[in-house]
Amino acid sequence: MSDIDDVIDSIKDEAVVLIKEQLKDLLLSAAEETDAVIRQTGEKITYWLLLRARGELNDSELEALLYARDQLLRQYKNTLQIEASARVEKIAIALVNIVLDKLLGLVFH
Amino acid sequence: MQRLDTFFKPSILVLLCPLLLLNGCALFVSHYDAGAYQNFTNLKAFHLKFLEDNTVAPGKKFDESKVKATCDAGDLKFREATEYAAGKHDESRLHAIRYLDNVFKNNCEIAITENKLFSVVFAKEEIDNVKPNYDLAIRGESSRVGNQTK
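Chains A and B are the protein sequences, given in the same order.
Position 38 of the first sequence, counted from 1, bears residue number 40 in our numbering, the numbering being contiguous throughout.
Position 92 of the second sequence, counted from 1, bears residue number 1321 in our numbering, the numbering being contiguous throughout.
Encoded structure:
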């Protein structure tokens, strides 16, 4: 929480008051997220903005880190979709196989 | 036996129909492929070595020709992996490679444009982005149907 306040305070430009409020809301939402990838993304972006404010990262480095995080999030979504589809297929195949291999031929009443 | 036949024929159809329908809707993804898994792990090692080799360290100097050669080699590796994945006809695997390739290309672009080694702070943070990106791609491949190692 104090890191998020530090980040917001480090942005001195008064022309971006609204953006600062939006940024704070998003960082606070990410911090409360149960999904680890989303929570870590909020923590990382807070940390990078602090590094930028301290001059330990330049704009192009910050941009590259944000781009890499964007690609990581896309990968995360893609992986979740693969896992969900594979799970459905595994259940469906197992279901068919168990009936065909184990139950076919048994007497049903 | 007559009773069994009459019971099972519609039952199997009931089970198989959703399976076929789901398959027709491309809900399923292609099965596990050891070659694709190996491509992800090889690319991960290559990309991380590229970042480590080009990070500021005592006595280390930026070598533009070496960076360009490594970026060219990486480009070829990603192209090969993409072509391999394209042959498997599954968009999700192509997406997985693209999200890795995009970051590698971006890292090459920064190194060449800025004409200097990556700072220690940047490299550490970028590795924290790159490593889990590959790990997710590998996790996705491992979760596919037919992976006997799981």
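C-beta atoms are modelled at their ideal positions from N, C-alpha and C, and glycine is treated no differently.
Against chain A, the beta carbon of V1359/B has neighbours under 7 Å at A70, listed in chain order. No Cβ of chain B is located within less than 8 Å of the beta carbon of I6/A.
Judged by beta-carbon spacing, V9/A lies within the 8 Å limit of L52/A, meaning their Cβ atoms are closer than that value.
For E1355/B, at least one C-beta of chain A is nearer than 8 Å to its own C-beta. Under DSSP, T81/A forms no beta bridge with any residue. Per DSSP, R56/A lies in no alpha helix (DSSP H) segment and is marked neither H nor E. Under DSSP, F1347/B shares a beta bridge with T1284/B. When C-alpha distances from T43/A are compared across I100/A, L28/A, L106/A, the shortest belongs to L28/A. For E34/A, the enclosing alpha helix (DSSP H) covers residues 19-34.
Distance check between F1351/B and each of I1341/B, A1315/B, L1280/B places L1280/B closest, using alpha-carbon atoms only. Just so you know, the alpha carbons of A66/A and G1316/B end up roughly 31 Å apart. For R41/A, no chain B residue has a Cβ inside 7 Å of its Cβ, as the nearest lies near 13 Å away. Identification of residues in the region 1305-1318 of chain B having a C-beta nearer than 9 Å to some C-beta of chain A yields an empty set.
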